[in-house]
Each structure stands twice: as structure tokens, then as C-alpha cells.
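Numbering (the working numbering), first residue to last: 326 to 545.
So the structure is just underneath, and the comments pick up after that.
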């Protein structure tokens, strides 16, 4: 499925990469705060995900773009404290509206594993794509692919634009999972991503997240 991957607020910051889309006014240098109700509803220990401190603003430090084809794009906004927002949109997005936005997810980075050899990588990769995946002692069901066997990961390229550095590319081979949370309408998601950077360096990244509504976040 994978093959061989080894061969690796003091003033508002001014974006080095003008012209990037700004769905919901998300952009490099923007400040993001979650609705305080989320912390009360989700912060009782049922979730592996531990939300940012209630009322705390997080800054968008870099922005990523993924073209999935047929007018569908992923806009990723990487925040400080190891958080990131993903906005999936169909067609053009408007700065001051949620028109064209299909999904919003908040993820927190978890374990980042760097295999030291092809053999170790293949051992890690053999777990990705199975019907279930265990992380933090919780079992998550695979969302992509059907049947009892190994499912193919989603393979795409992301271009990441840091605030004050040159952009760089990342190849992703992703699998999304979820688990139901008792007493909550919001499942918890687990995204497992095999990431290969421009230098050919490989890592296996685990991110835990939840779905959001536009009303759940304040952006300034």
C-alpha cells in the first residue's frame, strides 16, 4: 500500500504569502478562540482530546492547502500549542461567510513517530488501514474503505506556507477513524498520516479531533 518511502500580540504579523484563501477570516496571524461551552461539554474526560484552555486565543502560524480535485480543497491552519484547524470547501470560499464550506475540524497533534529504518516503517504502516486502530488505549473505527481487509489510504500533496519562511511540500498518506462518545453527539476522530517532506524524511503522525460548527470558533 505504501511501498518504499525511504531514500525525509505585538502587532499583527504580516503574511509573507499574500493571496491565500481566508475562509471564515482564517489567515496567517489570525487569533482563534473556541467557544467556552465546548470546554464544559467536552472536557469531562470522555474524550482523549483535551481542548485548549477556555478563553485562550491561539495564533495561526502557518497555512496549508490541498487540492483534492473537482473543486474540492482542504485549507489547513496550523496554530500554536500543537493545534490545527481543517476547513474542507467546495468551490471558492468567502472570507466573511461559511458558504461553500463543507466541514470544519479541530485537531490536536499527538504522537509523531519517526521510523529509523524501512523495516520499522513497514511495521508501523501494517497497522494503518485496518478496520480498527488503537490509540491512547481507545479503539477507533476506520471511516475510509469497506470490508474486513486493509483499506487504501488517501494520498495527496499539501503545500504549507509559514508566516515568515518559504513554503514547502508534504506528501500525506492518511486514514481517518472515529469513535462514538457516550452521551455526546460529537464523535472523536483520529487521523493517522504518513508524512514525507521535501527532503524525503518520513514520520507517522497521529492527530485527535472533533467536528466544529462555524459558531464554535471566534476569529479576529
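Glycine included, every Cβ here is placed at the ideal spot set by N, Cα and C.
Three-state class that DSSP yields for residue i in the structure shown
i: residue 450; result: helix
i: residue 431; result: strand
i: residue 488; result: coil
i: residue 353; result: coil
i: residue 537; result: coil
i: residue 364; result: helix
i: residue 461; result: coil
i: residue 407; result: helix
i: residue 414; result: strand
i: residue 444; result: helix
Same chain only: Cβ atoms within 7 Å of residue i, ignoring 5 sequence neighbours per side
i: residue 484; result: 389, 390, 492, 494
Beta-carbon proximity list for residue i, same chain, < 6 Å, skipping 5 on both sides
i: residue 458; result: 465, 502
Assumed close pair residue i, residue j - CB separation to whole angstroms, cut-off 8 Å
i: residue 311; j: residue 370; result: Residue numbering for the chain in the displayed model covers 326 to 545; residue 311 lies beyond these limits and cannot be assessed.
i: residue 438; j: residue 529; result: 4 Å
i: residue 542; j: residue 514; result: The pair is not a contact, with the Cβ atoms about 17 Å apart (cut-off 8 Å).
i: residue 559; j: residue 423; result: Outside the displayed range of the chain (326 to 545) lies residue 559, so it cannot be described from this structure.
i: residue 408; j: residue 433; result: 5 Å
Status (buried if at least 16 other CB within 10 Å, exposed otherwise) for residue i
i: residue 416; result: exposed
i: residue 429; result: buried
i: residue 478; result: buried
i: residue 545; result: exposed
i: residue 453; result: buried
i: residue 532; result: buried
Worksheet item: Would you call the region 342-353 and the region 382-401 touching, i.e. three or more CB-CB distances under 8 Å?
Response: yes
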